[in-house]
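Scroll down for the structure; my scribbles are underneath it.
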Amino acid sequence: MKTAMKHGLVMLGAGLVMALANSAAGAMVDWSWGFEGGTAAPVGDPTPSNYWTETGTLVGNDPAVAHSGNYFGVSVAPDGSFTRWGAPYGTVWPTGGFKQQIAIYLDPAWLGTNHAWLDWDTALNRPSNSALHDNVFEIATQDPAYKSGVGFYINASSNAGWSTRPYDPGYLYLATGGWYVFRSTFYQGLDGRVYLDMQVLDTTGTTQLAVWTNPVTGDAMADVGGNRYGWFAGASIAEIYFDDSIMDVGPDFTIDPTYVGIMATPLPEPAALTLLALAAGGLISRRRK
Ligand SMILES: [Ca+2]
Ligand SMILES: [Ca+2]
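Structure below.
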């Protein structure tokens, strides 16, 4: 009996381990590319544009350290590097949406030039397999005509190309360069429309520095197929360094804990709820006076 119970507990324990393993296996990044080995695509891959159009190595280049491992990509302006995220363009919305991420090196050397700029573009595809719209992180160094503080200014946009958009209200200001993570999470809002949250995070991808929703009104589900391309769509900078591009298709990922994007009906955060409760209490006590 005792042995049978013990055996049962072992079986239960094994079951839990199996369940945990299955759970971990179920949550899966569908594609990632860190350039280790120094190639833009796997050896023999017939469609390298599924991966990256260009690649680079550490040799003779800045930065001194890749975001991961020993290699990173190099995008050469003006016609920058391009990826299909390891898959054909999406024409059917994947349940749970999808998440794309890349690490980009914001070179401190660029700060020596006013309005040095680059665009990182993650586009949406239509069910008809044509472009729906671009979603662009517009990044620029200071420009005394708009913002004179030396540093990097970043904003979200639906258009690529030289612009003053990085200095518009709502911009993120970074005083120092280095590796930063740019994440785009496409998801269905509570109103059924498709939204995109564009986040800038620290180099580890854990601390959110800024988030924008683009477009703020979302897209009608009928207009959305899925992913299209990732593209350094324009730049004044000769070489852009990047690494660790990731494509994660739902439903096996969760929205990040740092997620504060605009949904159809924003959910108040716990702190805000407490403040609301306190405010309500205050109103009630005033009424009693
Ligand atoms: Ca790497
Ligand atoms: Ca996945």
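Going by the numbering used here, the sequence shown opens with residue 63, and the numbers climb by one from there. Glycine residues also receive a C-beta, built at the ideal position from the N, C-alpha and C atoms.
Residues of its chain near residue i, where Cβ-Cβ distance is below 8 Å and the 5 sequence neighbours each way are ignored
{"i": "T153", "result": "N187, R188, P189, S190, N191, G287 and G288"}
{"i": "F144", "result": "S111, W114, T115, Y291, G292, W293 and F294"}
{"i": "N176", "result": "T203, Q204, D205 and P206"}
{"i": "A178", "result": "W172, A202, T203, S298 and I299"}
{"i": "M283", "result": "W155, Q250, G254, R255 and V256"}
Per-residue burial, residue i [other beta carbons within 10 Å of its own, 16 or more giving buried]
{"i": "A207", "result": "exposed"}
{"i": "V278", "result": "exposed"}
{"i": "V127", "result": "exposed"}
{"i": "G174", "result": "exposed"}
{"i": "A297", "result": "buried"}
{"i": "A300", "result": "exposed"}
{"i": "T238", "result": "exposed"}
{"i": "D89", "result": "In the sequence on display, residue 89 carries Ala and not Asp. Per the 10 Å Cβ criterion, exposed."}
{"i": "G148", "result": "buried"}
{"i": "V212", "result": "exposed"}
{"i": "Y312", "result": "It should be noted that the sequence gives Gly, not Tyr, for residue 312. Classification for G312: buried."}
{"i": "G100", "result": "exposed"}
{"i": "V243", "result": "buried"}
Top-ranked residue by Cα proximity to residue i, from the options
{"i": "T247", "options": "Y133, H129, P156 and T145", "result": "P156"}
{"i": "Q163", "options": "D314, G267 and G239", "result": "G267"}
{"i": "G223", "options": "A202, A237, Y233 and G213", "result": "A202"}
{"i": "G159", "options": "A300, R255 and P228", "result": "R255"}
{"i": "N221", "options": "P231, N197 and F315", "result": "N197"}
{"i": "D264", "options": "T115, L168, S143 and A103", "result": "L168"}
{"i": "T354", "options": "H177, P170, L173 and E200", "result": "Beyond the ends of the chain as shown, which are 63 and 351, falls residue 354; an answer cannot be given."}
{"i": "P231", "options": "N217, T238 and W241", "result": "N217"}
{"i": "Y151", "options": "M309, P313 and D314", "result": "M309"}
{"i": "M260", "options": "Q250, S307 and N276", "result": "N276"}
{"i": "W274", "options": "L236, S219, D205 and G251", "result": "S219"}
{"i": "F315", "options": "V243, D141, K161 and A102", "result": "K161"}
Contact set for residue i: own chain, Cβ-Cβ below 7 Å, skip 5 residues either direction
{"i": "L194", "result": "L186, N187, R188, D281, D285 and V286"}
{"i": "D305", "result": "G96, F97, A128, H129, S130, F134, G135 and A165"}
{"i": "L234", "result": "I216, V262, L271 and A272"}
{"i": "T269", "result": "L263"}
{"i": "D141", "result": "none"}
{"i": "W241", "result": "H129, A165, Y167 and T265"}
{"i": "R227", "result": "E200, N217 and S219"}
Own chain residues within Cβ distance below 6 Å of residue i, not counting five before or after
{"i": "I302", "result": "S137, L180 and F294"}
{"i": "Y229", "result": "Y208, K209 and Y215"}
{"i": "L170", "result": "The sequence shown places Pro at residue 170, not Leu. G239."}
{"i": "V91", "result": "I308 and D310"}
{"i": "S94", "result": "I308"}
{"i": "L236", "result": "G213 and F214"}
CB contact below 9 Å: residue i versus chain C
{"i": "S192", "result": "The question asks about chain C, but that chain is absent: this structure has only one protein chain."}
Legend entry - Complete beta strand (DSSP E) runs within the stretch 218-302 (minimum length 3 residues, chain order): For the beta strand (DSSP E) assignment, the uninterrupted runs of no fewer than 3 residues enclosed by the stretch 218-302 are, from N- to C-terminal side, 234-236, 240-250, 256-263, 270-275 and 288-297.
Legend entry - Environment of ligand 2 in chain order, Cβ to heavy atom below 5 Å: So the residues near ligand 2 by this Cβ test are M90, D92, D310, V311 and D314.
Q. Which ranges does the beta strand (DSSP E) cover as unbroken runs of at least 3 residues, wholly within the stretch 130-209, from first to last along the chain?
A. Those beta strand (DSSP E) runs which fall completely within the stretch 130-209 and span 3+ residues are 133-138, 160-168, 179-187, 193-195 and 198-205.
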